[in-house]
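Remarks on the structure that follows.
There are 6 protein chains.
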Amino acid sequence: MMYITRRERFNAAHRLFREEYSDERNLEVFGKCSNPKWHGHNYELFVTVKGKINPDTGFVINLKTLSKLINTKIIDKIDHKNTNLEVDFMKDKMASTEVLAKSIFEELETEILNLGAQLHCIKLCETENNFVEYYGNINE
Amino acid sequence: MMYITRRERFNAAHRLFREEYSDERNLEVFGKCSNPKWHGHNYELFVTVKGKINPDTGFVINLKTLSKLINTKIIDKIDHKNTNLEVDFMKDKMASTEVLAKSIFEELETEILNLGAQLHCIKLCETENNFVEYYGNINE
Amino acid sequence: MMYITRRERFNAAHRLFREEYSDERNLEVFGKCSNPKWHGHNYELFVTVKGKINPDTGFVINLKTLSKLINTKIIDKIDHKNTNLEVDFMKDKMASTEVLAKSIFEELETEILNLGAQLHCIKLCETENNFVEYYGNINE
Amino acid sequence: MMYITRRERFNAAHRLFREEYSDERNLEVFGKCSNPKWHGHNYELFVTVKGKINPDTGFVINLKTLSKLINTKIIDKIDHKNTNLEVDFMKDKMASTEVLAKSIFEELETEILNLGAQLHCIKLCETENNFVEYYGNINE
Amino acid sequence: MMYITRRERFNAAHRLFREEYSDERNLEVFGKCSNPKWHGHNYELFVTVKGKINPDTGFVINLKTLSKLINTKIIDKIDHKNTNLEVDFMKDKMASTEVLAKSIFEELETEILNLGAQLHCIKLCETENNFVEYYGNINE
Amino acid sequence: MMYITRRERFNAAHRLFREEYSDERNLEVFGKCSNPKWHGHNYELFVTVKGKINPDTGFVINLKTLSKLINTKIIDKIDHKNTNLEVDFMKDKMASTEVLAKSIFEELETEILNLGAQLHCIKLCETENNFVEYYGNINE
Numbered sequence: 052m053m054y055i056t057r058r059e060r061f062n063a064a065h066r067l068f069r070e071e072y073s074d075e076r077n078l079e080v081f082g083k084c085s086n087p088k089w090h091g092h093n094y095e096l097f098v099t100v101k102g103k104i105n106p107d108t109g110f111v112i113n114l115k116t117l118s119k120l121i122n123t124k125i126i127d128k129i130d131h132k133n134t135n136l137e138v139d140f141m142k143d144k145m146a147s148t149e150v151l152a153k154s155i156f157e158e159l160e161t162e163i164l165n166l167g168a169q170l171h172c173i174k175l176c177e178t179e180n181n182f183v184e185y186y187g188n189i190n191e
Numbered sequence: 052m053m054y055i056t057r058r059e060r061f062n063a064a065h066r067l068f069r070e071e072y073s074d075e076r077n078l079e080v081f082g083k084c085s086n087p088k089w090h091g092h093n094y095e096l097f098v099t100v101k102g103k104i105n106p107d108t109g110f111v112i113n114l115k116t117l118s119k120l121i122n123t124k125i126i127d128k129i130d131h132k133n134t135n136l137e138v139d140f141m142k143d144k145m146a147s148t149e150v151l152a153k154s155i156f157e158e159l160e161t162e163i164l165n166l167g168a169q170l171h172c173i174k175l176c177e178t179e180n181n182f183v184e185y186y187g188n189i190n191e
Numbered sequence: 052m053m054y055i056t057r058r059e060r061f062n063a064a065h066r067l068f069r070e071e072y073s074d075e076r077n078l079e080v081f082g083k084c085s086n087p088k089w090h091g092h093n094y095e096l097f098v099t100v101k102g103k104i105n106p107d108t109g110f111v112i113n114l115k116t117l118s119k120l121i122n123t124k125i126i127d128k129i130d131h132k133n134t135n136l137e138v139d140f141m142k143d144k145m146a147s148t149e150v151l152a153k154s155i156f157e158e159l160e161t162e163i164l165n166l167g168a169q170l171h172c173i174k175l176c177e178t179e180n181n182f183v184e185y186y187g188n189i190n191e
Numbered sequence: 052m053m054y055i056t057r058r059e060r061f062n063a064a065h066r067l068f069r070e071e072y073s074d075e076r077n078l079e080v081f082g083k084c085s086n087p088k089w090h091g092h093n094y095e096l097f098v099t100v101k102g103k104i105n106p107d108t109g110f111v112i113n114l115k116t117l118s119k120l121i122n123t124k125i126i127d128k129i130d131h132k133n134t135n136l137e138v139d140f141m142k143d144k145m146a147s148t149e150v151l152a153k154s155i156f157e158e159l160e161t162e163i164l165n166l167g168a169q170l171h172c173i174k175l176c177e178t179e180n181n182f183v184e185y186y187g188n189i190n191e
Numbered sequence: 052m053m054y055i056t057r058r059e060r061f062n063a064a065h066r067l068f069r070e071e072y073s074d075e076r077n078l079e080v081f082g083k084c085s086n087p088k089w090h091g092h093n094y095e096l097f098v099t100v101k102g103k104i105n106p107d108t109g110f111v112i113n114l115k116t117l118s119k120l121i122n123t124k125i126i127d128k129i130d131h132k133n134t135n136l137e138v139d140f141m142k143d144k145m146a147s148t149e150v151l152a153k154s155i156f157e158e159l160e161t162e163i164l165n166l167g168a169q170l171h172c173i174k175l176c177e178t179e180n181n182f183v184e185y186y187g188n189i190n191e
Numbered sequence: 052m053m054y055i056t057r058r059e060r061f062n063a064a065h066r067l068f069r070e071e072y073s074d075e076r077n078l079e080v081f082g083k084c085s086n087p088k089w090h091g092h093n094y095e096l097f098v099t100v101k102g103k104i105n106p107d108t109g110f111v112i113n114l115k116t117l118s119k120l121i122n123t124k125i126i127d128k129i130d131h132k133n134t135n136l137e138v139d140f141m142k143d144k145m146a147s148t149e150v151l152a153k154s155i156f157e158e159l160e161t162e163i164l165n166l167g168a169q170l171h172c173i174k175l176c177e178t179e180n181n182f183v184e185y186y187g188n189i190n191e
């Protein structure tokens with residue numbers, strides 16, 4: 052098994068909050084991330100795929116194909132958008148990095164299987180100090 | 052003359068647009084940065100100060116004092132905020148990186164003189180591919 | 052299972068040596084890291100925690116709480132200190148990156164359980180070319 | 052078990068192609084990486100070794116010894132070379148990042164066992180957006 | 052005056068040598084960079100433009116326009132190419148970083164004037180340890 | 052004029068203090084940097100040289116020669132050392148980043164003239180958030 056990773060980037064606005072909470076309660080639970088007028092980030096997305104090396108090409112997967120898939124399914128929908136308001140696969144979800152990474156995993160999992168490889172991990176960096184990694188349900 | 056630089060960071064939402072333009076016109080001029088529901092960035096701010104080395108301390112300026120000043124005057128006002136709507140020193144201005152850098156320069160210039168040094172440059176990075184530098188009006 | 056990582060940094064002095072060795076023997080075994088008058092590093096510490104996403108918050112763990120814990124238990128004790136002489140959890144230990152990472156793991160393991168999550172990995176970078184990762188005793 | 056990683060770097064030229072394909076077919080399959088007059092990269096190589104901490108030294112492995120081994124067996128043979136034409140361990144192989152990482156693993160595996168540790172992973176970065184990781188045959 | 056910088060990247064093969072020198076002489080003068088079978092790099096190109104802020108847009112220059120210009124005039128011609136053999140603006144020149152930076156400056160200078168701004172600096176990074184900066188002939 | 056920069060790195064221990072001050076006074080002026088038992092850093096040193104391009108080589112200066120000079124005159128004396136106690140060119144000076152950069156400039160200035168180029172700038176990074184730049188006395 053070989054693991055290959057493609058990095059893509061997007062810039063988005065978001066807010067962490069629960070509608071049923073007051074602004075004070077949201078501030079208490081989510082801190083300054085609950086600002087009602089939004090804030091945003093430069094996100095770095097690392098998509099790791101595993102598979103066998105194709106002896107004809109030396110590739111696990113053609114990275115141009117993988118990059119195009121990530122752009123069509125994820126980046127085009129979320130780059131320069133508001134994660135809470137405008138992204139179909141985030142509808143009615145908390146806009147946390149954890150939930151975002153899990154949702155991206157679920158968007159890409161079957162699509163990558165269709166390309167003959169297996170999605171291994173979604174790593175999503177929100178700042179230089181904070182990132183999450185999600186490997187799917189398989190080992191839970 | 053010695054130049055010393057302090058890096059600080061902030062995450063903010065913004066939008067590039069003119070109110071008198073239609074959404075179509077804004078899209079034409081500002082591209083996806085005109086998204087009416089906002090997007091955001093992790094900004095990196097580099098504040099460069101120049102001065103002579105104080106022989107008693109070996110310092111041009113105490114970096115803890117400089118950092119505190121940048122946080123009080125800039126970071127506390129803009130971090131996790133909406134640059135268009137919530138930042139006093141950006142009121143009624145375009146929320147571009149250029150205007151933001153110039154405004155930060157103007158906020159800090161006199162304050163740094165009061166600390167006995169001179170503000171040399173504000174460098175502001177919006178993404179890993181885009182940044183601006185502003186050196187004030189002096190040499191124009 | 053979701054994995055979330057917080058980066059913190061500290062600057063410390065240290066020396067690799069054994070008291071029962073001569074300076075020559077220490078130099079032979081530990082190279083220039085054995086310098087009796089110390090040297091130092093900017094360490095980067097990555098603390099990775101695993102757990103389930105809390106559906107109310109979208110969080111595995113509140114990163115502000117995690118950061119505060121790491122600062123109280125580790126950074127405040129080691130930042131701008133001498134690892135060999137001043138850090139309680141390094142007393143009578145070799146000040147290598149490996150031993151330091153293992154000791155940080157042991158300091159944080161129970162504390163993170165008390166926050167309702169599980170410490171997964173301590174990654175400690177000594178330079179841009181050298182780092183270690185420790186996952187605890189569980190799988191040994 | 053402790054994991055320790057050493058980064059080394061090399062700059063090399065290469066080309067992705069199959070001799071039996073026409074230039075058009077190579078372009079179709081490998082894109083601009085098939086350029087017959089070559090292109091090149093700054094590669095970053097991360098060699099991760101696992102083992103127990105030696106209580107005398109605090110080391111899993113002496114990083115100076117590991118670095119010397121990587122340089123003798125890999126870097127000296129590939130740095131400032133053409134991967135397709137000049138590297139013995141790449142002879143008659145596709146010069147893809149995947150095949151390169153696997154070949155480096157095979158070159159180092161036994162040598163690191165001889166140093167008393169175990170090669171865990173070869174990570175090879177071709178650009179800031181693309182990298183591969185190979186853990187050997189053990190778990191396949 | 053405001054300075055704005057756009058980063059672009061390209062991967063290319065090259066060789067440092069003089070045709071009239073023997074291989075031994077080339078090795079003596081240019082070291083391993085003279086390898087007759089080529090080597091290559093991931094180059095980072097920083098294009099810095101200066102100008103006044105347009106009050107209508109808040110921009111010195113539209114970065115999308117600048118990026119498109121750099122790609123058309125430079126990146127499309129040099130990315131995944133051999134700098135010595137395939138790049139029109141490098142014909143009959145030494146393929147050093149210095150000469151490459153100067154040539155890129157000369158390719159872009161008039162084009163950027165036509166966009167209403169002024170090319171200030173070309174910074175070209177060959178490795179993480181080596182880079183050059185060229186500001187044109189103006190101050191010589 | 053072309054500017055070329057070489058990066059080198061060193062790891063050193065140091066302390067900011069004045070002998071005639073009490074520990075309390077040192078703590079007040081220099082903060083945790085005054086710790087009597089030392090702390091340390093991974094320093095990044097950028098040496099920028101200016102000159103004309105040699106038409107025979109395409110070089111301003113041979114970077115291998117420059118790197119060797121920096122290593123002989125600076126790195127070999129300061130790497131894995133204590134800046135306050137063991138570095139000849141820092142004797143009886145404050146071990147601040149400012150003083151260190153100025154001292155490195157003075158050590159290299161004549162030596163680089165002897166190589167046929169001119170030292171333009173010493174940039175010295177102490178942490179990812181703090182760095183200084185020194186251009187010599189010429190424009191003061």
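Residue numbers (the numbering used here), protein chains in the order written: chain A, 52 to 191; chain B, 52 to 191; chain C, 52 to 191; chain D, 52 to 191; chain E, 52 to 191; chain F, 52 to 191. We put the beta carbon where it would ideally sit given N, CA and C, even for glycine.
(request) Starting from Gly204 (chain B), find everything on chain F with Cβ-Cβ shorter than 8 Å and list it in chain order. (result) Chain B is shown only over 52 to 191; residue 204 (chain B) falls outside these bounds and no answer can be derived.
(request) Could you tell me if Lys83 (chain A) is buried or exposed, where buried requires 16 or more neighbouring beta carbons within 10 angstroms of its beta carbon? (result) Here residue 83 (chain A) is taken as the residue at index 32 of the first sequence, counted from 1. Counting the other Cβ atoms within 10 Å of the Cβ of Lys83 (chain A) gives fewer than 16, which makes it exposed.
(request) Determine which residues share a DSSP beta bridge with Cys172 (chain E) and list them. (result) For the purposes of this step, residue 172 (chain E) is taken as the residue at position 121 of the fifth sequence. For Cys172 (chain E), which the question treats as bridged, DSSP gives the partners E:Thr99.
(request) Starting from Ile55 (chain F), follow the beta strand (DSSP E) in both directions and report where the run begins and ends. (result) Counting from one through the sixth sequence, the residue named residue 55 (chain F) turns up at place 4. Residues 53-65.
(message) Bridge partners for Val183 (chain A) per DSSP, in chain order?
(response) Taking the first residue of the first sequence as position 1, residue 183 (chain A) is located at position 132. Residue pairing for Val183 (chain A): DSSP places it in a beta bridge opposite A:Leu175, C:Ile55.
(request) Specify, as a first and last residue, the run of the alpha helix (DSSP H) that Ile121 (chain D) falls within. (result) Numbered from its first residue, the fourth sequence carries residue 121 (chain D) at position 70. Where Ile121 (chain D) is concerned, the enclosing alpha helix (DSSP H) stretches over 114-121.
(request) State buried or exposed for Asn62 (chain B), treating a residue as buried only when at least 16 other CB atoms are found within 10 Å of its CB. (result) Numbered from 1 along the second sequence, position 11 holds the residue referred to as residue 62 (chain B). So Asn62 (chain B) counts as buried.
(message) Please report the straight-line C-alpha distance between Asp143 (chain E) and Ala168 (chain E), rounded to a whole angstrom.
(response) Here residue 143 (chain E) is taken as the residue at index 92 of the fifth sequence, counted from 1. Here residue 168 (chain E) is taken as the residue at index 117 of the fifth sequence, counted from 1. So the two alpha carbons sit approximately 30 Å from each other.
(request) Kindly indicate which three-state DSSP category Gly167 (chain B) falls into: helix, strand or coil? (result) Residue mapping note: residue 167 (chain B) aligns to position 116 of the second sequence, counting from 1. If DSSP states are grouped into helix, strand and coil, Gly167 (chain B) belongs with coil.
(message) Between which residues of its own chain and Val138 (chain A) is the CB-CB distance below 7 Å, once the five residues before and five after are set aside?
(response) Locating residue 138 (chain A) in the first sequence gives position 87, counting from the first residue. Cβ within range, chain order: Lys128, Ile129, Lys132.
(request) Would you tell me roughly how many angstroms separate the C-alpha atoms of Leu166 (chain A) and Lys115 (chain A), rounded to the nearest one? (result) Position 115 of the first sequence, counted from the start, is the residue given in the question as residue 166 (chain A). Position 64 of the first sequence, counted from the start, is the residue given in the question as residue 115 (chain A). Distance between the alpha carbons of Leu166 (chain A) and Lys115 (chain A) is about 12 Å.
(request) Grab the span of the alpha helix (DSSP H) containing Thr134 (chain A) for me, first residue to last. (result) Position 83 of the first sequence, counting from 1, holds the residue named residue 134 (chain A). Taken as a continuous stretch (DSSP letters only), the alpha helix (DSSP H) holding Thr134 (chain A) covers 134-137.
(request) Measuring only between beta-carbons, confirm whether Asn105 (chain F) sits less than 8 Å from chain B. (result) Residue 105 (chain F) sits at position 54 when you count from the first residue of the sixth sequence. Output row for Asn105 (chain F): interface = no.
(message) On the criterion of 16 or more Cβ atoms from any shown chain inside 10 Å, does Asn188 (chain A) qualify as buried, or is it exposed?
(response) Walking along the first sequence from the start, residue 188 (chain A) turns up at place 137. Exposed is the call here.
(request) Taking Ile195 (chain C) as the query, report the chain A residues whose CB atoms sit under 9 Å from its CB, ordered along the chain. (result) A query on residue 195 (chain C) cannot be resolved here, the shown segment of chain C reaching from 52 to 191 and no further.
(message) Suppose contacts are defined by Cβ-Cβ distances below 8 Å. Is Ala146 (chain C) in contact with Leu67 (chain C) by that definition?
(response) Counting from one through the third sequence, the residue named residue 146 (chain C) turns up at place 95. Counting from one through the third sequence, the residue named residue 67 (chain C) turns up at place 16. Ala146 (chain C) places its beta carbon less than 8 Å from that of Leu67 (chain C).
(request) Leaving aside the five residues before and after Leu164 (chain B) along the sequence, list all residues of the same chain whose C-beta is less than 8 Å from its C-beta, in chain order. (result) Within the second sequence, the letter at position 113 stands for residue 164 (chain B). These residues qualify, in order along the chain: Leu170.
(message) Need the endpoints of the alpha helix (DSSP H) that Asp143 (chain C) sits in, please.
(response) Residue mapping note: residue 143 (chain C) aligns to position 92 of the third sequence, counting from 1. Asp143 (chain C): not part of any alpha helix (DSSP H); DSSP gives it neither H nor E.
(request) Please confirm whether Glu151 (chain D) and Thr134 (chain D) have their CB atoms less than 8 Å apart. (result) If you number the fourth sequence from 1, residue 151 (chain D) lands on position 100. If you number the fourth sequence from 1, residue 134 (chain D) lands on position 83. Going by the sequence as given, residue 151 (chain D) is Leu instead of Glu. Going by beta carbons, Leu151 (chain D) and Thr134 (chain D) fall inside the 8 Å limit.
(message) Distance cutoff 8 Å, beta carbons only. Does Gly102 (chain C) sit that close to anything in chain I?
(response) Among the protein chains of the structure shown, namely A, B, C, D, E and F, there is no chain I.
(request) Within the same chain, show all residues whose beta-carbon is closer than 7 Å to that of His57 (chain D), passing over the 5 residues directly before and after it, in chain order. (result) The residue labelled residue 57 (chain D) in the question sits at position 6 within the fourth sequence. Here residue 57 (chain D) turns out to be Arg, not His, going by the sequence shown. Beyond the five residues adjoining it in sequence on each side, Arg57 (chain D) comes within less than 7 Å, by CB distance, of Val98, Leu114, Leu117, Ser118, Ile121 in the same chain, given in chain order.
(request) Taking all protein chains shown into account, decide if Glu70 (chain B) is buried (16 or more other Cβ within 10 angstroms of its Cβ) or exposed. (result) Position 19 of the second sequence, counting from 1, holds the residue named residue 70 (chain B). Around the beta carbon of Glu70 (chain B), fewer than 16 other beta carbons lie within 10 angstroms, which makes this residue exposed.
(request) Output the distance between the C-alpha atoms of Glu79 (chain C) and Asp107 (chain D), rounded to the nearest integer angstrom. (result) Reading the third sequence from its first residue, position 28 is the one you call residue 79 (chain C). Reading the fourth sequence from its first residue, position 56 is the one you call residue 107 (chain D). Taking the Cα positions, Glu79 (chain C) is about 14 Å away from Asp107 (chain D).
(message) Please confirm whether Lys153 (chain A) has its beta-carbon closer than 8 Å to some beta-carbon of chain C.
(response) Walking along the first sequence from the start, residue 153 (chain A) turns up at place 102. Yes - at least one Cβ of chain C is within 8 Å of the one on Lys153 (chain A).
(request) Output the distance between the C-alpha atoms of Met52 (chain C) and Glu184 (chain D), rounded to the nearest integer angstrom. (result) In the third sequence, counting from the first residue as 1, residue 52 (chain C) sits at position 1. In the fourth sequence, counting from the first residue as 1, residue 184 (chain D) sits at position 133. Inter-residue distance for Met52 (chain C) and Glu184 (chain D) is about 22 Å (C-alpha atoms, whole angstroms).
(message) Taking CB distances under 8 Å as the criterion, tell me whether Lys174 (chain F) reaches chain E.
(response) As a first step, residue 174 (chain F) must be located in the sixth sequence, where it is residue number 123. No, no contact with chain E.
(message) In the DSSP output, what is His131 (chain A) paired with across the bridge?
(response) Here residue 131 (chain A) refers to the residue found at position 80 of the first sequence. Bridge pairing for His131 (chain A): absent [DSSP].
(request) Go ahead and pull the three-state DSSP assignment for Glu191 (chain F). (result) The residue labelled residue 191 (chain F) in the question sits at position 140 within the sixth sequence. With a pLDDT of 45 at Glu191 (chain F), under the threshold of 50, the predicted position of this residue should be treated as unreliable, though the coordinate-derived value follows. In this structure, Glu191 (chain F) counts as coil in the three-state DSSP scheme.
(request) Give a yes or no on whether the minimum CB-CB distance between Lys124 (chain B) and chain F is below 8 Å. (result) To locate residue 124 (chain B), count along the second sequence from 1; it is residue 73. No, its Cβ sits nowhere closer than 8 Å to a Cβ of chain F.
(request) Step through the CB atoms of chain D and report whether any lies within less than 8 Å of the CB of Leu170 (chain A). (result) Taking the first residue of the first sequence as 1, we reach residue 170 (chain A) at position 119. For Leu170 (chain A), the answer is no, since every Cβ of chain D falls outside 8 Å of its Cβ.
(message) Against chain E, with Cβ distances strictly below 8 Å, would Gly82 (chain B) count as a contact?
(response) Numbered from its first residue, the second sequence carries residue 82 (chain B) at position 31. With 8 Å as the cut-off, Gly82 (chain B) counts as an interface residue toward chain E.
(message) So for Gly82 (chain C), helix, strand or coil by DSSP?
(response) Walking along the third sequence from the start, residue 82 (chain C) turns up at place 31. Reduced to three states, the DSSP call for Gly82 (chain C) is helix.
(request) In angstroms with no decimal places, state the Cα-to-Cα distance between Ile126 (chain D) and Lys101 (chain D). (result) Walking along the fourth sequence from the start, residue 126 (chain D) turns up at place 75. Walking along the fourth sequence from the start, residue 101 (chain D) turns up at place 50. Near 21 Å, if we compare the C-alpha coordinates of Lys101 (chain D) and Ile126 (chain D).
(message) Quick check: the Cα distance between His65 (chain F) and His90 (chain F), rounded to an integer number of angstroms?
(response) Counting from one through the sixth sequence, the residue named residue 65 (chain F) turns up at place 14. Counting from one through the sixth sequence, the residue named residue 90 (chain F) turns up at place 39. One alpha carbon belongs to His65 (chain F), the other to His90 (chain F), and they sit about 6 Å apart.
(message) Is the beta carbon of Ile104 (chain C) closer than 8 Å to that of Glu149 (chain A)?
(response) Counting from 1 along the first sequence, the entry for residue 149 (chain A) is found at position 98. Counting from 1 along the third sequence, the entry for residue 104 (chain C) is found at position 53. For Glu149 (chain A) and Ile104 (chain C), yes; Cβs fall inside 8 Å.
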